[in-house]
Structure formats: structure tokens, C-alpha cells
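First the structure, in the form of C-alpha cells, and then the observations on it.
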Amino acid sequence: MKSNVGGIDRIARIVVGLVLIGLAATGTVGLWGWLGLVFLATGAIGWCPPYAIFGWNTCSTKKPG
Numbered sequence: 005m006k007s008n009v010g011g012i013d014r015i016a017r018i019v020v021g022l023v024l025i026g027l028a029a030t031g032t033v034g035l036w037g038w039l040g041l042v043f044l045a046t047g048a049i050g051w052c053p054p055y056a057i058f059g060w061n062t063c064s065t066k067k068p069g
């Protein structure tokens with residue numbers, strides 16, 4: 005598995021995931037808030053299955069100097 009989630013994308017996924025999990029745990033949102041686990045996992049791992057399917061990549065690519 006090659007990483008396809010870049011730095012800012014990873015941070016955003018982790019933050020959104022933690023917020024959704026917190027809201028779900030406190031009962032502020034319904035069960036759908038537990039989808040934050042998916043955001044948290046993909047942010048932590050750095051790989052997103054839908055990105056791989058569609059060929060998207062938010063990682064920066066270094067050009068040879």
C-alpha cells in the first residue's frame with residue numbers, strides 16, 4: 005500500500021475524526037458520528053481506499069533535482 009493521503013489531508017482527517025467520535029460519544033449526534041473512526045483510521049494510516057480506486061493522491065511529489 006503506497007501512501008495516498010498527504011500531510012494537511014491527514015491532519016484534517018484526524019481532527020474531523022476525533023470531533024465526530026467525541027460528538028457521538030456525548031450523544032450530540034447520532035450513530036453516524038462513529039464514522040469518525042474511518043476518518044481517524046485513514047488519517048493515521050495515510051492510505052484511503054476510495055482515493056486508490058479513483059487514482060487520487062494528496063501526497064506531495066518530489067521532483068528530481
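Residues in the sequence shown are numbered consecutively from 5, following our numbering.
Using N, Cα and C, we set each Cβ at its ideal position, and we do this for glycine too.
Secondary structure of Val23, DSSP reduced to three states: Position 19 of the sequence shown, counted from the start, is the residue given in the question as residue 23. Reduced to three states, the DSSP call for Val23 is helix.
Rounded Cβ spacing between Leu44 and Gly37 (contact assumed at less than 8 Å): Residue numbering aside, residue 44 sits at position 40 when the sequence shown is read from its first letter. Residue numbering aside, residue 37 sits at position 33 when the sequence shown is read from its first letter. Contact doesn't hold; Cβ gap of about 12 Å is too wide.
Range covered by the alpha helix (DSSP H) that runs through Val42: Here residue 42 corresponds to residue number 38 of the sequence shown, with the count starting at 1. That run of the alpha helix (DSSP H) goes 40-49.
Own chain, CB closer than 8 Å to Asn8, minus 5 neighbours either side, in chain order: Locating residue 8 in the sequence shown gives position 4, where the first residue counts as 1. These residues qualify, in order along the chain: Gly50, Trp51, Cys52, Tyr55, Ala56, Trp60, Asn61, Thr62, Cys63.
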